[in-house]
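Sequences listed follow chains H and E, in order.
Letter by letter, the first sequence follows residues 1 to 288 of UniProt numbering.
Letter by letter, the second sequence follows residues 1 to 288 of UniProt numbering.
First up is the structure itself, then whatever we jot down about it.
There are 2 protein chains.
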Amino acid sequence: MRASKECPFCPGNEEMTPKAVAVYRDDGVFVDGETRIRGWWARCIPNMYPAMVPDPDAPTPEWMAMPARGGHEVIIESPDHESSPAIFDDEKIIRMIRVYADRYRYHTDRGSSYVSIFKNWGREAGASLSHTHTQLIALPMIPPLLMREVSAISSMPSCPYCNIAEREASSERLIFREGVWICIAPFYSQTPYEMWILPCKHISSILEMSDSMRLELGRSMKKALQRLSVLLNDPPYNYMIFQMSSNYHLNIRIQPAISKIAGFEKNTGIYINPVSPEQAASELRSVL
Amino acid sequence: MRASKECPFCPGNEEMTPKAVAVYRDDGVFVDGETRIRGWWARCIPNMYPAMVPDPDAPTPEWMAMPARGGHEVIIESPDHESSPAIFDDEKIIRMIRVYADRYRYHTDRGSSYVSIFKNWGREAGASLSHTHTQLIALPMIPPLLMREVSAISSMPSCPYCNIAEREASSERLIFREGVWICIAPFYSQTPYEMWILPCKHISSILEMSDSMRLELGRSMKKALQRLSVLLNDPPYNYMIFQMSSNYHLNIRIQPAISKIAGFEKNTGIYINPVSPEQAASELRSVL
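Next up, the structure:
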């Protein structure tokens, strides 16, 4: 295992971070006290520059605004300074999914309306530290993007994600299938080489999964990221877990950060993507 | 005037671009023939990698999709390789607004539903060439972002932009006033140091302006960009002209591209901005 002396996410440097709210070891899950716990395989800490906090200041009285009530955590999903989900083995990737599920449950149990779990990989994608980590932001509201989607879905006769999964399982936009999960280049890709992972079975969140589904999801994420890394030489990317406690169909969106969101996108909300999803899927299929 | 031998937007290299659809000289506006017109102070050419074209291929029959019918132009608003709107003099900046208005009218007259005019300045903001230029994309639809806004506005008793202009003209988020225009750091700034320029008079588009309003708008844009450049050392930025043919209140949004749109923004549509607009306005006021 490789470590860096300067990296606050590396083993040995635990004092450089706030106290962990969850430390995962082979013998259980712990919480940091005055001394930091060592020997972990994953570690969740409060973000030092939180977007949401348990007790925010009152919002400005001048205009309407909501208090930033919630939580903001960093999940360090490996002690290895030079690893990443693209090269995790089965055990490590399943552990990552388990930690995601644990922290998701923690915040939904405490009344958060939405829990955003996402990874920024590479400086261009917004990561300020290179040691692999995932962020979790728990919100006091359902975000506008999700509200619009839920509203559109509710006016449809059946779940559009179920329809997509069924249709794309045999389309030229399919990249691979792993048990109940498919990985596709979506027809409506916003970025070149965008990938979506979604279950062919209708589940709303990461909490509804059986152990075997979780294993398959972990393998799917690893495979997708591995293909991306090989095809585009470890590009910067973001992935986001879209999920809700009910009436939704969990899906994971992986967007390489290799194109710019510029004036046109900001003016219109329309994305220019010069690589067709069929072409992207064909290239992503071919590399492994 | 400074020119570069390699730059396709510099005078002398007109053959490196497609034929201009509008060439602005002191003696009139012309269109390129087999030989390119020289001696211009502004020049509009078709984008070599267009997002929209007059006669697009039929969309894929498999899913619903709209043809990319429209136009995509590059407006080279100065022959000077090292100039930019932040340092244009009065004459140059007014000419730029005039060209914007001309090309906006051209495309709306031909039935485009929306005409997006925007500038990407600096590589980080999506500009692939450093010579100052603006892009125009004419669309066969009103973009979803604008549709939502128009829908929200239509349910309000009065124009929210008129209310904002009146209120912010005396708030601590005011950066400056130039005749009928105000420049503000909006309360809901998506990025650090975001600026909006809007008229205190209700107009829908750049076509509705008197000559004096146009002069004041040009000066406002120059002042805003100059302040941004001085405060943040010529940062990359995007500006976008939000306008419609009716039932809207023209506004121009300037967003420095100094923060990343990362996983959280992509998951939620919510933007994290660590600089309060009051702080940003205070700093932007203080530099000139």
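Cβ coordinates follow ideal geometry from the N, Cα and C atoms, glycine included.
- Taking a 10 Å sphere around the C-beta of residue 22 (chain H), we find 16 or more other C-beta atoms and assign the residue as buried.
- Neighbours of residue 116 (chain E) in chain H, taken as residues whose beta carbon is under 7 Å from its own, are 264, 267 and 268 in chain order.
- For a Cβ distance threshold of 9 Å, residue set 263 and 266 of chain E lies close to residue 255 (chain H), ordered along the chain.
- The straight-line gap separating the alpha-carbon atoms of residue 183 (chain E) and residue 92 (chain E) is approximately 20 Å.
- The continuous stretches of alpha helix (DSSP H) do not include residue 76 (chain H), which lies in the beta strand (DSSP E) extending over residues 71-76.
- In this structure, residue 140 (chain H) lies near residue 113 (chain H), with their beta-carbon atoms less than 8 Å apart.
- Under the DSSP assignment, residue 35 (chain E) falls outside any beta strand (DSSP E); it carries neither an H nor an E label.
- Residue 96 (chain H) counts as buried, since no fewer than 16 other beta carbons sit within 10 angstroms of its beta carbon.
- Interface annotation, residue 242 (chain E): in contact with chain H, CB-CB separation under 8 Å.
- Contact between residue 150 (chain H) and residue 248 (chain H) holds: CB atoms are separated by about 7 Å, below the 8 Å threshold.
- In the structure shown, residue 182 (chain E) adopts extended strand secondary structure according to DSSP, grouped into three states.
- The Cβ neighbour count for residue 43 (chain H), taken over all protein chains shown within 10 Å, is at least 16; the residue is labelled buried.
- Within the region 207-266 of chain H, the beta strand (DSSP E) runs of at least 3 residues that lie entirely inside it are, in chain order, 237-242 and 251-256.
- Around the C-beta of residue 35 (chain E), fewer than 16 other C-beta atoms lie within 10 Å, and the residue is accordingly described as exposed.
- Short of 7 Å from the beta carbon of residue 161 (chain E), and not among the five residues preceding or following it, lie these beta carbons of its own chain, in chain order: 198, 249 and 251.
- Its chain contains 270 and 272 as the residues whose beta carbon lies nearer than 8 Å to that of residue 264 (chain E), once the 5 sequence neighbours on both sides are disregarded; these appear in chain order.
- Below the 8 Å Cβ cutoff, chain H contributes 260, 261, 262 and 263 as neighbours of residue 126 (chain E), in chain order.
- A Cβ-Cβ separation of about 29 Å leaves residue 196 (chain E) out of contact with residue 110 (chain E) under the 8 Å criterion.
- Bounds of the beta strand (DSSP E) holding residue 25 (chain E) are 22-25.
- Residue contact check for residue 137 (chain H) against chain E: a CB pair falls below 8 Å.
- The closest CA to that of residue 18 (chain H), considering only H:68, H:2, H:47 and H:230, is found on H:47.
- The beta carbons of residue 117 (chain H) and residue 132 (chain H) sit no closer together than 8 Å.
- At a C-beta separation below 8 Å, residue 63 (chain H) has these neighbours in chain E: 187.
- In this chain, the alpha helix (DSSP H) harbouring residue 147 (chain E) covers 144-154.
- Check the Cα spacing between residue 25 (chain E) and each of E:187, E:276, E:68 and E:76: the tightest is with E:76.
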